[in-house]
Ligand SMILES: [Fe+2]
């Protein structure tokens, strides 16, 4: 869901919007508020300015659902956010992966940027596994879940999934003061590399 905000949001206002959506995820690095529920994403901070490949947020963490909210603080338009709705994949593609299971842990290139040593120890110990075919626990929709850039030790051919995604992209072009809220279970997403100063606030929440 896209919301165009008529004014610049204060951090406290963003926090209260997040709280109204669900239970916010508490994290450690790049946090902006006392409750540690709002993170700053920036060209010289979290996720930096390089490519961020196709993924579902928090694929390597426990829990079956996280929604995400992003707010455009500065120049988000420098890199549009790309989405693909994985609840819409054809039956034939779902059939190909009906017994497949993905292993997830934080990818190496995110270790220093995103996590404390303690978080990494916990996440690597959890060895999260997710079937490729899941049912959304709220809507009941069947979803092809494969977080391509965070899956580890993968034994499956992901090319058919990548081809489907690349042919069914929804590209979001950011405008000033926009925020986006999405269902992270079904919306795989990515962002391309960019140059310049870009900053967003992010919260993730459990429903
Ligand atoms: Fe993400």
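In this note's numbering, the protein residues as written are 1 to 207.
For glycine and all other residues, C-beta sits at the position ideal for the given N, C-alpha and C.
Here the structure is a predicted model, which is why all the values come from computation and not from measurement.
With contact defined as three or more Cβ pairs closer than 8 Å, the region 76-92 and the region 108-121 are not in contact.
The region 2-44 contains, as complete beta strand (DSSP E) runs of 3+ residues, the segments 2-4 and 39-42 (chain order). The beta carbon of residue 55 sits closer than 7 Å to at least one heavy atom of ligand 1. In its chain, beyond the 5 residues on either side, 101 have a beta carbon closer than 6 Å to the beta carbon of residue 131.
The beta-carbon distance between residue 41 and residue 199, rounded to whole angstroms, is 7 Å. This is short enough to meet the 8 Å contact definition. Relative to ligand 1, the nearest heavy atom lies less than 7 Å away from the CB of residue 189. Of the residues assessed, residue 51 falls on the exposed side of the cut-off, its CB having fewer than 16 other CB atoms within 10 angstroms. Counting only unbroken stretches of 3 or more residues, the beta strand (DSSP E) elements lying wholly within the region 44-69 are 52-55, in sequence order. Proximity of the region 137-150 to the region 47-64 meets the contact definition, three or more beta-carbon pairs being nearer than 8 Å.
With fewer than 16 other Cβ atoms inside 10 Å of its own Cβ, residue 6 counts as exposed. Checking the DSSP bridge columns, you'll see residue 81 partnered with 172 and 191.
Annotation for residue 119: 28 place their beta carbon closer than 7 Å to its own, counting only its chain and skipping 5 residues before and after.
The three-state reading of DSSP puts residue 130 in strand, counting E and B together. Looking at the DSSP output, residue 138 bridges to nothing.
Residue state for residue 178 is assigned as strand, using DSSP reduced to three classes. The Cβ atoms of residue 206 and residue 22 sit closer than 8 Å to each other.
Secondary structure at residue 123: helix, using DSSP grouped into helix, strand and coil. Counting only the Cα atoms, residue 128 lies some 11 Å from residue 150. For residue 108, the three-state secondary structure derived from DSSP is helix. For residue 86, there is no enclosing beta strand (DSSP E), as DSSP marks it with neither H nor E.
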